[in-house]
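Input: a single structure, listed below in C-alpha cells.
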Amino acid sequence: MPIRLTIFSLIEQIAAEQKIKIQPLRDELLLSESGLDSLCFAILVARLEDKLGYDPFATSGDISFPVTLGDFVGFYENASH
Amino acid sequence: MLWGLNDAVALADLLDGTVLDQADIAGRSIVLTTHDQLAAAQALVALDGTARRIVLCPPDLPLTYLAAIAADAEADAIVTDREETDFAGHDLPPRMACKGPLQPSQAAAPIVTEWVLLTSGTTGVPKMVVHSLAALTGAIRPPRAGDAPPIWATFYDIRRYGGLQILLRALFGNGSMILSETGEPVSDHLHRLAAHGVTYISGTPSHWRRALMSSDCNAIAPRYVRLSGEIADQTILDALKRQYPRAAIGHAYASTEAGVGFEVNDGLEGFPADLLHSDGDPAFKVVDGTLRIRSRRTASRYLGSASQALTDEDGFIDSGDFVTERNGRCYFVGRRGGVINVGGMKVHPEEVEQVINRHAAVKMSLVSARRNPITGAIVVADVVLHDPAVLGEASDALKQDILAFCRAALPVHKVPAAVKFVPSLEMTPAGKLVRQNA
Chain A
652 MPIRLTIFSL IEQIAAEQKI KIQPLRDELL LSESGLDSLC FAILVARLED KLGYDPFATS
712 GDISFPVTLG DFVGFYENAS H
Chain B
2 MLWGLNDAVA LADLLDGTVL DQADIAGRSI VLTTHDQLAA AQALVALDGT ARRIVLCPPD
62 LPLTYLAAIA ADAEADAIVT DREETDFAGH DLPPRMACKG PLQPSQAAAP IVTEWVLLTS
122 GTTGVPKMVV HSLAALTGAI RPPRAGDAPP IWATFYDIRR YGGLQILLRA LFGNGSMILS
182 ETGEPVSDHL HRLAAHGVTY ISGTPSHWRR ALMSSDCNAI APRYVRLSGE IADQTILDAL
242 KRQYPRAAIG HAYASTEAGV GFEVNDGLEG FPADLLHSDG DPAFKVVDGT LRIRSRRTAS
302 RYLGSASQAL TDEDGFIDSG DFVTERNGRC YFVGRRGGVI NVGGMKVHPE EVEQVINRHA
362 AVKMSLVSAR RNPITGAIVV ADVVLHDPAV LGEASDALKQ DILAFCRAAL PVHKVPAAVK
422 FVPSLEMTPA GKLVRQNA
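Protein chains in written order, with the numbering used here: chain A, 652 to 732; chain B, 2 to 439.
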C-alpha cells in the first residue's frame, strides 16, 4: 500500500478508536486543525513504525514537526528512500 | 528430606559427616557460592550458628562481582563447590571446599549468624541485605499437630529470598523439599514434583503462568499453592483455582528487603485495606503512593561501603510498590522504577497488563515504553496467547479486540498504541518478567 494510503487509513482507524471526529483528509489540512490530539499523533507514529519499519522522527535529528498533512506524508515518503 | 535432581539426603544426615577442609569457620564471615543448590542448603544448615556471617550468592551471580561482595562482607573465606579454575584472575579470600555433608569442626556455643542475601532485578553489583534467621523465619508458623508433614517445592532457587522462605518452611515444618534445577524443562520439573508427591508449592505469577501452559501441570495435585514476587492478579488466581480446585491458593507479599509482609488467602487479588490501619507488627502505611513496611521480619540494613539507609527514621522500609485503595481493598498497581511517562501522564505497566491478561485469548503480557517524538513515550504491549494457532488472518482482528478491551477499562493514554503477539516472554532468574527498567 502506498505510504499516503497507509497514513490516511491509520488516521481514520485511530480517530474511530478514540471516537474523535476529524476533518476530511487532504494534503492542505493543517494538522493542528485536523481534530487529532497529540496522543493520536503519538499512536500514529508508533503504528507507522510497525507498518513501515522506520520512524523518521528518530533518525532525522533536529526537525520541526510537519504542519500540514501533506508535509507529514512527504516526511515519511522522503524517509523511505 | 531434601531432594535435588539426583540426590536424596535426609536432613538428619546434614549435620553428620566430614569436616570442612579448612579447620575453623567459627566466628568467620563466609561467602557461599555453589553450583549445586543442595550443597548450598547443606552449607546453610552447617554454617548457621557457627559462622558470624553467611553471604548467600544466587547461582547466576557473575564471578566478576564476587571480589567486591567478598570485600564488602569482610569475608574470611569463600565456601564453594566450584572448580578452582573458575576463580582464576579474581582477587578473592581463601576458598574452602563445600563438599557435603558438612560439619563445623568446633562445637562451640551457637552464635547469632547474619544471613546476607543479594537483591535481584538490578543491574550492576547487587545490594547486600542483612537478615537474621529470626527475621527470615518470623512469618513461619509451627506445623499443626496431626497435619501430615508438608512436601514443599518451589520454582525459585533457594538462594533467593522467595526460595529460601520455602527451604526454611520445609526445615522448620519438619517437612521435605524438592529443589528446582536451573535449565530443567517445566514438564520434567512437574513430573519430578509429582513423583515425590508435592503438597505445597510456590512460585511467581510468571512461574505459574508458564507452568499452566504445560499440560503437565495436571501431574501434580498440591494442597497449597502460593504466589509471591510479582503482582498476583485475579486472572492467575482464578486460573490456579480452576486447575487445582482442592488447593488453597494464597499470595504473599514479600521482598528481600521487607521480608514477608503479609499473606492473602481469600482468593482475591490485592489485600484488605484494614492492614494499613492496624498498628501491630508488621505495620504498614502508604506514603506518596507506595507501601511502607515495618516489622521484625524486615532486613536490618544494607551491607557495604556504598550502602544507603534501609528504613526511614520511624523504621519503615519503602517497598517502591504503588498501591491504590478501592472499596476497602488495596491493589498493587506497579513499581516506582517502572512508570511510563506518556506526555506527562503516568502509566504503570502492570496495571495495563492486568487488563490485557483478563482477555479470554491472552495467557500473559508485558507492557513497556516505546520512545515517541510526540509524547516522549508511548505504551506498547507484547502478548502471549493461549493458542497461537488462532493467528494468521485473524491476527489483526484479535489485536483490535484486545485494544477495544483495553479502551473499555483504561484511560486513553494507558491503552497500548501497538500490540505484538510473541511466542513467549523472557523471565529473569528470579522468576519475574524481564522489564526495561527492572
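Glycine included, every Cβ here is placed at the ideal spot set by N, Cα and C.
Cβ of residue i within 8 angstroms of any chain A Cβ
| i | result |
| --- | --- |
| residue 22 of chain B | In this prediction, residue 22 of chain B has a pLDDT of 44, which is less than 50 and means its spatial position is unreliable; nothing more can be read from the coordinates. |
| residue 357 of chain B | no |
| residue 393 of chain B | no |
| residue 341 of chain B | no |
| residue 419 of chain B | yes |
| residue 411 of chain B | no |
| residue 447 of chain B | Within the shown structure, residues of chain B are numbered from 2 to 439, placing residue 447 of chain B beyond reach of any answer. |
| residue 344 of chain B | yes |
| residue 224 of chain B | no |
| residue 408 of chain B | yes |
| residue 91 of chain B | no |
| residue 349 of chain B | no |
| residue 404 of chain B | yes |
| residue 360 of chain B | no |
| residue 14 of chain B | Unreliable placement is indicated for residue 14 of chain B, whose pLDDT of 42 sits below 50; the coordinate value is still reported in the next sentence. Judged by the 8 angstroms Cβ criterion, residue 14 of chain B is not in contact with chain A. |
| residue 197 of chain B | no |
| residue 414 of chain B | yes |
Chain B within 8 angstroms of residue i, Cβ atoms only
| i | result |
| --- | --- |
| residue 728 of chain A | no |
| residue 752 of chain A | Residue numbering for chain A in the displayed model covers 652 to 732; residue 752 of chain A lies beyond these limits and cannot be assessed. |
| residue 708 of chain A | yes |
| residue 668 of chain A | yes |
Close beta carbons around residue i, own chain, < 8 angstroms, minus the five adjacent residues each side
| i | result |
| --- | --- |
| residue 309 of chain B | 303 |
| residue 200 of chain B | 149, 151, 152, 153, 223, 224, 225 |
| residue 717 of chain A | 682, 723, 725, 726 |
| residue 654 of chain A | 703, 724, 727, 728, 731 |
Contacts around residue i, its chain only, beta-carbon distance under 6 angstroms, and the 5 residues preceding and following it disregarded
| i | result |
| --- | --- |
| residue 400 of chain B | 420 |
| residue 258 of chain B | 130, 300, 318 |
| residue 232 of chain B | 333, 351 |
Cβ-based burial, residue i [other Cβ within 10 Å; buried from 16]
| i | result |
| --- | --- |
| residue 38 of chain B | buried |
| residue 196 of chain B | exposed |
| residue 166 of chain B | buried |
| residue 86 of chain B | exposed |
| residue 84 of chain B | exposed |
| residue 683 of chain A | exposed |
| residue 204 of chain B | buried |
| residue 260 of chain B | buried |
| residue 368 of chain B | buried |
| residue 358 of chain B | buried |
| residue 672 of chain A | exposed |
| residue 328 of chain B | exposed |
| residue 705 of chain A | exposed |
| residue 462 of chain B | This structure gives no information on residue 462 of chain B, because the portion of chain B shown stretches from 2 to 439. |
Residue i (DSSP reduced to helix, strand or coil)
| i | result |
| --- | --- |
| residue 427 of chain B | coil |
| residue 403 of chain B | helix |
| residue 22 of chain B | Because residue 22 of chain B sits at a pLDDT of 44, beneath the cut-off of 50, its placement in the model cannot be relied upon, and the following sentence gives the value as read from the coordinates. Coil. |
| residue 351 of chain B | helix |
| residue 78 of chain B | strand |
| residue 333 of chain B | strand |
| residue 34 of chain B | strand |
| residue 142 of chain B | coil |
| residue 383 of chain B | strand |
| residue 254 of chain B | strand |
| residue 72 of chain B | helix |
| residue 323 of chain B | strand |
| residue 396 of chain B | helix |
| residue 707 of chain A | helix |
| residue 670 of chain A | coil |
| residue 433 of chain B | coil |
| residue 167 of chain B | helix |
Sequence-distant residues of the same chain with beta carbon closer than 7 angstroms to residue i, five excluded per side
| i | result |
| --- | --- |
| residue 94 of chain B | 71, 76, 77, 78, 79 |
| residue 50 of chain B | 111, 112, 114 |
| residue 669 of chain A | 691 |
| residue 265 of chain B | 251, 252, 272 |
| residue 61 of chain B | 430 |
| residue 268 of chain B | 238, 242, 250 |
| residue 209 of chain B | 228, 237, 241 |
| residue 218 of chain B | 191, 212, 244 |
Residue i Cβ short of 7 angstroms to the ligand MN heavy atom set
| i | result |
| --- | --- |
| residue 435 of chain B | For the structure depicted, the ligand MN is absent and the ligand set is empty, with no information on it obtainable. |
Just by C-beta distance, which residues in the segment 682–704 of chain A are closer than 7 angstroms to chain B? 689, 690, 692, 693, 694, 696, 697, 698, 701
Residues in the segment 374–387 of chain B having any Cβ partner in chain A nearer than 8 angstroms: 374, 375, 376, 379, 381
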